[in-house]
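Each number in my numbering comes from the position in the sequence shown (counting from 1) with 310 added on. All C-beta atoms, glycine included, are put in the ideal place defined by N, C-alpha and C. Model, not experiment: these values are computed from the prediction. Structure first, then comments.
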Amino acid sequence: MVDKRTAILASILNTAGITSYGTLKYESFMKIILNSKEKKVKDILREYENEFIDRKASHLLHDFIQEKKLKNVEVIERSNVTKDYFYAIYSGKRMPGRDKTLQLAFGMSLSLKETNLFLKTAGHNELYARNKRDLIIMVCLKDCKTLSETDYILYEIGFDPLTPE
311 MVDKRTAILA
321 SILNTAGITS
331 YGTLKYESFM
341 KIILNSKEKK
351 VKDILREYEN
361 EFIDRKASHL
371 LHDFIQEKKL
381 KNVEVIERSN
391 VTKDYFYAIY
401 SGKRMPGRDK
411 TLQLAFGMSL
421 SLKETNLFLK
431 TAGHNELYAR
441 NKRDLIIMVC
451 LKDCKTLSET
461 DYILYEIGFD
471 PLTPE
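Set out below in structure tokens:
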């Protein structure tokens, strides 16, 4: 099955008049696109601008906190991240890793949809139901589990918890 990113790139190549690309990987698509003289990069970017995420994780973090009427200190405590780390993300100086992004999602009691948006905005893959660990996390989000409850479930089933020990 072709992932969304590859499908978009295949569509871009077809639009640029490049139809024989076989089963190339993402990196190969990028080389073809960058070497293509048939269509300007600006035109390609303009055509597919809705597929790109321009928001920063820090902006989305701020928006979620305001929307859910949370205090930063609450999110810090419920996410089990340090104050310094939280404010580095909040100010845009740092991008959180995938597990830290998930910790923050639990700390803000985000829905699965909101969590996936937060993950994408932070530059990470969405939770994937065919990955056992991700599936457990998805169920915990759906069931409104806390971070510590989720970590316990992950640990009991034999997976790494989100929070480092």
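{"Check": "Counted within 10 angstroms of its Cβ, other Cβ atoms place Cys450 as buried (16 or more) or exposed", "Outcome": "buried"}
{"Check": "Integer-rounded CB distance, given that Ile399 should sit under 8 Å from Leu437", "Outcome": "Not really, about 19 Å apart at Cβ, beyond 8 Å."}
{"Check": "Collapsed DSSP secondary structure at Lys403 in the structure displayed", "Outcome": "coil"}
{"Check": "Start and end residues, alpha helix (DSSP H) containing Leu445", "Outcome": "442 to 452"}
{"Check": "Beta-carbon spacing of Leu457, Phe416 below 8 Å", "Outcome": "yes"}
{"Check": "Rounded straight-line distance, which links the Cα of Ala432 to that of Leu464", "Outcome": "23 Å"}
{"Check": "With 16 other Cβ atoms within 10 Å as the buried cut-off, status of Val391", "Outcome": "buried"}
{"Check": "Residue nearest to Lys393 in terms of C-alpha spacing, selected from Gly402, Asn382, Lys403", "Outcome": "Asn382"}
{"Check": "Spatial distance of Leu445 from Phe428 (CA atoms)", "Outcome": "17 Å"}
{"Check": "Buried or exposed by the 16-neighbour rule on C-beta atoms within 10 Å, applied to Asp301", "Outcome": "Because the chain in this structure spans residues 311 to 475, residue 301 falls outside the shown range and cannot be described."}
{"Check": "Same chain only: Cβ atoms within 6 Å of Arg443, ignoring 5 sequence neighbours per side", "Outcome": "Phe469"}
{"Check": "Buried or exposed by the 16-neighbour rule on C-beta atoms within 10 Å, applied to Ala367", "Outcome": "buried"}
{"Check": "Range of the contiguous alpha helix (DSSP H) that encloses Phe469", "Outcome": "Element bounds for Phe469: n/a, residue is neither H nor E."}
{"Check": "Pairwise C-alpha distance: Asn426 and Lys455", "Outcome": "16 Å"}
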